[in-house]
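Respectively, the protein sequence lines represent chains U and G. Residue numbering for the first sequence follows this note's numbering, beginning at 1 and increasing consecutively. Residue numbering for the second sequence follows this note's numbering, beginning at 1001 and increasing consecutively. In this text, a Cβ means the ideal position worked out from N, Cα and C, and glycines have one as well. Quantities reported herein were computed from a predicted structural model and do not represent experimental measurements. Each remark here refers to the structure printed beneath this line.
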Amino acid sequence: MRSLRRTIGLTALGCFLFVWAFPVLWAIVTSLKSERDVLEYPPIRPFTPTLEAYRAILSGSSSLWLNLESSVILTVFTTLISILFAVPAAYALARLRLPGRRGLGFGILAAQMLPPVGLVIPYFLIFTNLGLLNTYPGLIFVYVYFSLPFAIWLLISYFEDVPREMEEAALIDRASRFKAFWYVVLPQVKGGVAVTVVFVFLNAWNEFLFAVTLGGRTVRPVTVAMYNFISLEQTRWAELSAASLVAMAPVILLGFAAQKHIVKGLTLGAVKGTSRQ
Amino acid sequence: MSLNGAVSLASVGKRFGNYVALHKIDLDIRPGEFFSLLGPSGSGKTTTLRIIAGLETPDTGQVSIDGRDVTHLAPGDRDAAMVFQSYALYPHMTVAENIGFPLRMIKTPRADIERQVRQAAERVRIAHLLHRRPGQLSGGQQQRCALARAIVRSPRLFLLDEPLSNLDAKLRAETRAEIKLLQRKLDVTAIYVTHDQEEAMTLSDRMAIFIEGRIVQLGTPEEVFGRPVSSTVADFLGNPPMNLLPGMLVGNRLTVEGQTLHLAGGVGNDPRPVLMGVRPGDITLDPNGWPATVVLAELLGESVIADLLLGQAPLKARFNQMRRFAENEPVRIGIDPARVHLFDPTGPRIDLKQN
Chain U
1 MRSLRRTIGL TALGCFLFVW AFPVLWAIVT SLKSERDVLE YPPIRPFTPT
51 LEAYRAILSG SSSLWLNLES SVILTVFTTL ISILFAVPAA YALARLRLPG
101 RRGLGFGILA AQMLPPVGLV IPYFLIFTNL GLLNTYPGLI FVYVYFSLPF
151 AIWLLISYFE DVPREMEEAA LIDRASRFKA FWYVVLPQVK GGVAVTVVFV
201 FLNAWNEFLF AVTLGGRTVR PVTVAMYNFI SLEQTRWAEL SAASLVAMAP
251 VILLGFAAQK HIVKGLTLGA VKGTSRQ
Chain G
1001 MSLNGAVSLA SVGKRFGNYV ALHKIDLDIR PGEFFSLLGP SGSGKTTTLR
1051 IIAGLETPDT GQVSIDGRDV THLAPGDRDA AMVFQSYALY PHMTVAENIG
1101 FPLRMIKTPR ADIERQVRQA AERVRIAHLL HRRPGQLSGG QQQRCALARA
1151 IVRSPRLFLL DEPLSNLDAK LRAETRAEIK LLQRKLDVTA IYVTHDQEEA
1201 MTLSDRMAIF IEGRIVQLGT PEEVFGRPVS STVADFLGNP PMNLLPGMLV
1251 GNRLTVEGQT LHLAGGVGND PRPVLMGVRP GDITLDPNGW PATVVLAELL
1301 GESVIADLLL GQAPLKARFN QMRRFAENEP VRIGIDPARV HLFDPTGPRI
1351 DLKQN
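In structure tokens, the structure reads:
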């Protein structure tokens, strides 16, 4: 009975894994094909693997280096700024008994539900007037605007988990308010900060809509650049696959690095989140 | 006497919203004294300690330490160390880092920190655990770590908030004795919050009983135990607590459940309803005494705690002998008139006049 359930469970897990991983696997295979092999039918047949597509996107005429650089600039600054503001904000919201705290939590969620498409045109007009169109500060501002509420909301539950007494002990042990935060509270929410970094990073790295409308020709992250491989006459599947795999790499690396924290953080956040609402 | 670690509260009051946690209380704690704040939960004892520590600011009144007004001073500037009920150890630091934290915060040189941490750890016998983290310690060891963190800075004031309540019974008794010894050796003023009257009795030089935000009695354990000022205090102290039975006092004749007791004194000749208080240990088996029935008897070893029925009134007695009782066994009990406490039905103690 037990082993049967185990078998069924493993089979189901295997199916999910295959369905989830299939596009990625397909992309890996496609990226190793030549343009000619890609268009062969039926698609599953022997072919000679080639790194031609990778060569093209990393050094050739359609090099993605500048776009990767754009992505890195956008993502790193978005993440840094978001964390820099989210950590103190979340700490304050978790610790201070502010009136309307609940309302604020709802507001943050409501803001998350707003479809971003609705804001594209207003942003475009405002940015045109402010001269922020096609600039890094402009796009970073938009990204921070969207990620900050979520980051704060995510971090609050971590700060709430740090017992107040611990901070009071630090105050009695002659720490200043800031030192108590820095030496006692912050190290204990490290995991939460890691999770938040991953989420903010992910959102910024994968963003497409605002980048394509507000970034113009000067600020052009990988997500937008990849669209160049799709044109009216043809889609360069091999290069597109290679590009998406290259674009995926940093996210996957970050995921592995923060894996321990993410799993713990998601379950913790989930339970805390539902109990608080 | 040196003025070191004297604490004085003058009409200190605190409310949380509409809830009055502390009515204006006055309290003077002498240097070097082991002073307990005893009371049931919600009585204001912890609030008082937190106000002394500086973790709460009183709404009214003034807190002074050694004659200096510290009411608005930060907790770290009061030279007071505190042991929390939860110990509040820093989980991400080793035991050594935990103990050294108060020194690190005032930029003590590294070598000095190391030496002082070792000394403090040796004092509470955890020097072999310095490299561990709090999560790897037993409850008793965590407790010692918290104590070491408090003594490492040689404070003049030692604040303890129910430090023993998370330990098991045996460890609690051991640690209790150690805390007392430590306080004597360090010659420091200790203020100890507890709801356990046994802890307060055994540890304290003096103690204050808190009930509903007021200090209702203050004195040495002997004074408080021997002469409770009200039926509430009497009911709170002792294990099991004092029996309180309604009766009638006429002159020096006290009538309870149809039985009469001749007291050494009275309060005039008008009949007056009273509460008779008698401690379980002051009730004896006496062939010439009052008739009662044993409802339940618990053998504790050297003594027996018996639930008795005297007429309609339930009564607890502790007989200092090994003896088994049958269910509903009739017994005769003696009450020494000299050990009877009298209270007004509204609470306050009644003192008898000799006649």
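Test item: CB-CB of residue i and residue j under 8 Å
i           : j           : result
Val-1340(G) : Leu-1218(G) : no
Ala-53(U)   : Glu-239(U)  : yes
Leu-25(U)   : Pro-49(U)   : no
Leu-1373(G) : Phe-1210(G) : The requested residue 1373(G) is not part of the displayed model; chain G covers only 1001 to 1355.
Glu-1212(G) : Val-1193(G) : no
Arg-1125(G) : Thr-1094(G) : no
Leu-214(U)  : Val-142(U)  : yes
Val-1274(G) : Pro-1345(G) : yes
Phe-208(U)  : Val-219(U)  : no
Val-184(U)  : Tyr-1090(G) : yes
Arg-177(U)  : Pro-1102(G) : no
Gly-1247(G) : Thr-1284(G) : no
Gly-1005(G) : Thr-1189(G) : yes
Leu-1249(G) : Leu-1342(G) : yes
Pro-1348(G) : Ser-1154(G) : no
Ala-1200(G) : Ser-1036(G) : yes
His-261(U)  : Gly-191(U)  : yes
Ala-1264(G) : Leu-1352(G) : yes
Asn-1328(G) : Gly-1277(G) : no
8 Å Cβ cutoff, residue i in contact with chain G
i          : result
Arg-174(U) : yes
Lys-33(U)  : no
Ser-275(U) : With a pLDDT of 33 at Ser-275(U), under the threshold of 50, the modelled position of that residue is not reliable, and no figure is offered here.
Cys-15(U)  : no
Under 7 Å by beta carbon: chain U residues contacting residue i
i           : result
Phe-1084(G) : Glu-165, Ala-169
Ala-1120(G) : Ordered by position in chain U, no residue passes the 7 Å Cβ test against Ala-1120(G), which lies about 13 Å from the chain.
Cross-chain neighbours of residue i in chain U, by beta carbon under 9 Å
i           : result
Ala-1080(G) : Ile-172
Interface flag, residue i vs chain U, CB-CB below 8 Å
i           : result
Pro-1091(G) : yes
Ala-1264(G) : no
Ala-1088(G) : yes
Neighbour list for residue i in chain U, Cβ cutoff strictly below 8 Å
i           : result
Gly-1076(G) : Leu-171, Ile-172, Asp-173, Arg-174, Ala-175, Ser-176
Residue i Cβ short of 7 Å to the ligand FMN heavy atom set
i           : result
Asp-1205(G) : No copy of the ligand FMN appears in this structure; indeed no ligand is present at all.
The stretch 79–98 of chain U in contact with the stretch 148–165 of chain U per 3-pair CB rule at 8 Å: yes
Chain G contacts from the stretch 173–197 of chain U (Cβ-Cβ distance under 7 Å): Asp-173, Arg-174, Ala-175, Lys-179, Val-184, Pro-187, Gln-188
Residues within the stretch 1091–1116 of chain G neighbouring chain C, beta-carbon criterion of under 7 Å: Looking at the structure shown, chain C is missing, and the protein chains on hand are U and G.
Near-chain U residues of the stretch 1183–1214 of chain G - C-beta to any C-beta below 9 Å: none
Proximal residues, the stretch 1031–1061 of chain G versus chain U, C-beta separation under 7 Å: Ala-1053, Leu-1055
Stretch-stretch touch, CB-based, cutoff 8 Å, three pairs: the stretch 1262–1269 of chain G with the stretch 1313–1323 of chain G: no
Touching by the beta-carbon criterion (3+ pairs, under 8 Å), the stretch 1016–1030 of chain G and the stretch 1044–1061 of chain G: Two segments are said to touch when three or more pairs of C-beta atoms, one from each, lie closer than 8 Å; by this definition the stretch 1016–1030 of chain G touches the stretch 1044–1061 of chain G.
Stretch-stretch touch, CB-based, cutoff 8 Å, three pairs: the stretch 1145–1164 of chain G with the stretch 1075–1091 of chain G: yes
Three CB pairs or more closer than 8 Å across the stretch 242–257 of chain U and the stretch 51–70 of chain U: yes
The stretch 1110–1126 of chain G in contact with the stretch 1073–1081 of chain G per 3-pair CB rule at 8 Å: no
Sufficient close CB pairs (3 or more, under 8 Å) joining the stretch 244–255 of chain U to the stretch 160–176 of chain U: no
Touch test, the stretch 69–84 of chain U against the stretch 199–206 of chain U, Cβ-Cβ under 8 Å, three pairs minimum: At 8 Å Cβ cutoff, the stretches touch.
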